[in-house]
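Scroll down for the structure; my scribbles are underneath it.
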Amino acid sequence: MPQRAHLEQTIAAPLEFAGVGLHSGAPVTMRLLPAPAGSGIVFRRTDLDNFEIPAIGRNVARVSYATSLMRQSVLISTTEHLLSALIGMAVDNVIVELDNLELPILDGSALPYVEAFERAGIKTQRRRREYMRILKPVEVREGDKFIGVYPHSDKDEGYSIEYAIDFPVPIGKQYASVDLAAETYGVTIAPARTFGYKADEQKLRNMGLIRGASEENAIVLGDQGPLNGPLRFPDEFVRHKVLDLIGDLALTGRRIEGRVVAERAGHAMHTALVSRLLKDRSAWEMTSVSAEKTHTQSGVKHAGLAAALQGI
Ligand SMILES: [Zn+2]
41 MPQRAHLEQT
51 IAAPLEFAGV
61 GLHSGAPVTM
71 RLLPAPAGSG
81 IVFRRTDLDN
91 FEIPAIGRNV
101 ARVSYATSLM
111 RQSVLISTTE
121 HLLSALIGMA
131 VDNVIVELDN
141 LELPILDGSA
151 LPYVEAFERA
161 GIKTQRRRRE
171 YMRILKPVEV
181 REGDKFIGVY
191 PHSDKDEGYS
201 IEYAIDFPVP
211 IGKQYASVDL
221 AAETYGVTIA
231 PARTFGYKAD
241 EQKLRNMGLI
251 RGASEENAIV
261 LGDQGPLNGP
271 LRFPDEFVRH
281 KVLDLIGDLA
291 LTGRRIEGRV
301 VAERAGHAMH
311 TALVSRLLKD
321 RSAWEMTSVS
331 AEKTHTQSGV
341 KHAGLAAALQ
351 GI
């Protein structure tokens, strides 16, 4: 999906999703509504007097199996797949209404969101998108887990991710390198589903951590491979980690201009990087890309763009 010449975007029509939360098993109906330029992603609990929680780093709550937001003890859980789809498809502004505490897991991937955005259409807004351009390396290391973000060299631009994982059999080592500017998110990353090991299932169920998990919303792994195959990609696992990472780093509140490298990381490491970045104001600057640098493939003619920019 073209990024419409670096202008902000929202969805062209409301969208509705229904399902259960992966962790809570709670039934939930979620509505995505178009939002004005500059408003960002804002969650709204319709079951709690429309209490609002913006999707930004200072609202990140305890993080274990999923990423959650909390403000004044109101929780919104498992935000990462939706936020990933929004960043991946360059949707900047949307209100997310839900009537329970956890987002629906759907099929365990971000594909249902991408398909819905394509159905509804994506609308360009009259405001330049601001990027978080990385100026110096910021790294978080914990044992053999690692995540870092780096500035681009002069000629590079955009948002790229390299991810390496090393899980027990049957996954083993996988590596993925993704350039979000290539606009292939919808086909290369969004379809990758979440996963878990059959051997861990009973323990996690007993702990109440996967009340909504089923063979319809997660790849279940036995010793020899997936028990509910086939996989959508041979390296679906590392692609899903990239999907999660994009969703978690969305909590910086801005799209990143830089290169992210992750090794054996997870939600806790991803959100630790968000906190570290937001604290270190010298590590990045806010920037918008000039109209001259936009690509004509966006379908927005330069004359039209110039006219649109006058409205900012
Ligand atoms: Zn995930």
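In this text, residue positions in the sequence shown follow this note's numbering: the first is 41, and each later residue adds one.
Heads up, the beta-carbon is just placed ideally off N, CA and C, and yes, glycines get one too.
Within the same chain, show all residues whose beta-carbon is closer than 6 Å to that of residue i, passing over the 5 residues directly before and after it, in chain order.
| i | result |
| --- | --- |
| residue 66 | 140 and 142 |
| residue 300 | 189 and 201 |
| residue 83 | 93, 116 and 136 |
| residue 213 | 206 |
| residue 156 | 55 |
| residue 227 | none |
State buried or exposed for residue i, treating a residue as buried only when at least 16 other CB atoms are found within 10 Å of its CB.
| i | result |
| --- | --- |
| residue 257 | buried |
| residue 203 | buried |
| residue 267 | exposed |
| residue 113 | exposed |
| residue 99 | buried |
| residue 85 | buried |
| residue 47 | buried |
| residue 168 | buried |
| residue 264 | exposed |
| residue 193 | exposed |
| residue 242 | exposed |
| residue 347 | Only weak support is given to the placement of residue 347: the predicted model assigns it a pLDDT of 34, under 50, and the value that follows is read from those uncertain coordinates. The residue in question, residue 347, is exposed, as its Cβ has fewer than 16 Cβ neighbours within 10 Å. |
| residue 326 | exposed |
| residue 240 | exposed |
| residue 343 | The predicted model places residue 343 with a pLDDT of 35, which falls under 50 and marks its position as unreliable; any figure quoted below should be read in that light. Residue 343 should be labelled exposed. |
Out of the options, point me to the one whose CA is closest to residue i's CA.
| i | options | result |
| --- | --- | --- |
| residue 190 | 182, 184 and 201 | 201 |
| residue 145 | 168, 314, 290 and 234 | 234 |
| residue 295 | 98, 205 and 132 | 132 |
| residue 224 | 151, 105, 73 and 52 | 151 |
| residue 179 | 328, 329, 326 and 310 | 310 |
| residue 283 | 121, 88 and 217 | 121 |
| residue 290 | 279, 214, 211 and 312 | 312 |
| residue 154 | 97, 314, 231 and 138 | 231 |
| residue 127 | 209, 101, 95 and 148 | 95 |
| residue 89 | 195, 217 and 138 | 138 |
| residue 78 | 182, 177 and 165 | 165 |
| residue 216 | 238, 118 and 277 | 277 |
| residue 293 | 161, 162, 123 and 328 | 123 |
| residue 76 | 52, 219, 107 and 271 | 52 |
| residue 196 | 50, 81 and 297 | 297 |
| residue 97 | 275, 74, 130 and 288 | 288 |
| residue 71 | 81, 101 and 64 | 81 |
Per DSSP, what are the beta-bridge partners of residue i in this structure?
| i | result |
| --- | --- |
| residue 187 | 180 and 302 |
| residue 94 | 82 |
| residue 296 | 172 |
| residue 328 | 170 |
| residue 59 | 68 |
| residue 74 | 134 |
Can you list, in chain order, the residues of its chain whose CB lies under 7 Å from that of residue i, leaving out five sequence neighbours each side?
| i | result |
| --- | --- |
| residue 324 | 172, 173, 174, 175 and 317 |
| residue 320 | 178 |
| residue 111 | 93 and 99 |
Any heavy atom of ligand 2 within a distance shorter than 6 Å of the CB on residue i?
| i | result |
| --- | --- |
| residue 288 | As far as ligands go, the structure on display features ligand 1 and does not contain ligand 2. |
Can you list, in chain order, the residues of its chain whose CB lies under 8 Å from that of residue i, leaving out five sequence neighbours each side?
| i | result |
| --- | --- |
| residue 184 | 303 and 304 |
| residue 236 | 244, 250, 253, 258, 259, 260 and 261 |
Suppose only complete runs of 4+ residues qualify. What are the alpha helix (DSSP H) ranges in the stretch 197 to 274, listed by chain order? 225 to 228 and 238 to 246
Please give me, in chain order, every unbroken run of the alpha helix (DSSP H) with length at least 4 that falls completely inside the stretch 87 to 165. 120 to 128 and 151 to 160
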